[in-house]
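Numbering of the sequence shown is given in the working numbering, commencing with residue 6 and proceeding in unit increments. Note that the Cβ used here is the ideal one computed from N, Cα and C, for glycine as well. One structure is given below, encoded as structure tokens.
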Amino acid sequence: MKTVCDLMSKTVQTIHRDTIVSELEGIFVTHEISGAPIVDDSDHMVGFVSKTDIVRFDATGDDPFYARAHEIASPKVIKIGSSASIEEAAQMMLNEHVHHLVVMDGETIAGVLSTLDYVKLVAGNVSEG
């Protein structure tokens, strides 16, 4: 049985809470990510920001050079343990209506699991068949 640890992205790009919104898209493109945990000065997770959050912010017409990442991020972070099954993670994504789960080992961020990770899994299975 595959676990979250088998599927997750292990390299995690965190975003400081005071990063200006105008910089987020560049960070996402550079690191080829669609979301990231938001951390404070002590590296404690305080939220999660995604491309969807950026799109919603852009629709407001507010100035992206003044707004900060923590102001547009979701403060509700959906977490899962690295040893959880991928079926459990998929059900959690469905139940919570999210595209990302922050994978935790205790209090440490171990990775991020995204719906794209599931697509990679399926594509890998299809090409092996």
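Buried or exposed by the 16-neighbour rule on C-beta atoms within 10 Å, applied to residue i
i: Gly-116; result: buried
i: Gly-40; result: buried
i: Asp-122; result: buried
i: Leu-29; result: buried
i: His-102; result: exposed
i: His-36; result: exposed
i: Leu-106; result: buried
i: Val-124; result: exposed
i: Ser-132; result: In this prediction, Ser-132 scores a pLDDT of 35, lower than 50, which makes its location untrustworthy; the coordinate-derived value is nonetheless stated afterwards. So Ser-132 counts as exposed.
i: Ala-94; result: buried
Reference residue i, options the options, closest by Cα
i: Asp-23; options: Glu-30, Ile-32 and Arg-73; result: Arg-73
i: Val-26; options: Val-107, Pro-69 and Met-109; result: Pro-69
i: Gln-147; options: Gly-129, Lys-125 and Val-108; result: Look at the range of the chain in this structure, 6 to 134, and you will see that residue 147 is not part of it.
i: His-21; options: Leu-12, Leu-99, Val-54 and His-105; result: Val-54
i: Ile-32; options: Asp-11, Met-98, Val-9 and Ile-59; result: Ile-59
i: Thr-16; options: Val-127, Thr-113, Ala-128 and Leu-126; result: Thr-113
Sequence-distant residues of the same chain with beta carbon closer than 6 Å to residue i, five excluded per side
i: Lys-7; result: Ile-91
i: Lys-56; result: Ser-39
i: Asp-45; result: Arg-22 and Val-51
Sub-7 Å separation of residue i and residue j beta-carbons
i: Pro-80; j: Gly-111; result: no
i: Leu-118; j: Met-13; result: yes
i: Asp-85; j: Val-9; result: Per the sequence shown, residue 85 should be read as Ile rather than Asp. Going by C-beta atoms, Ile-85 is nearer than 7 Å to Val-9.
Other residues of its chain near residue i: CB distance less than 8 Å, five sequence neighbours each side excluded
i: Arg-61; result: Ile-77
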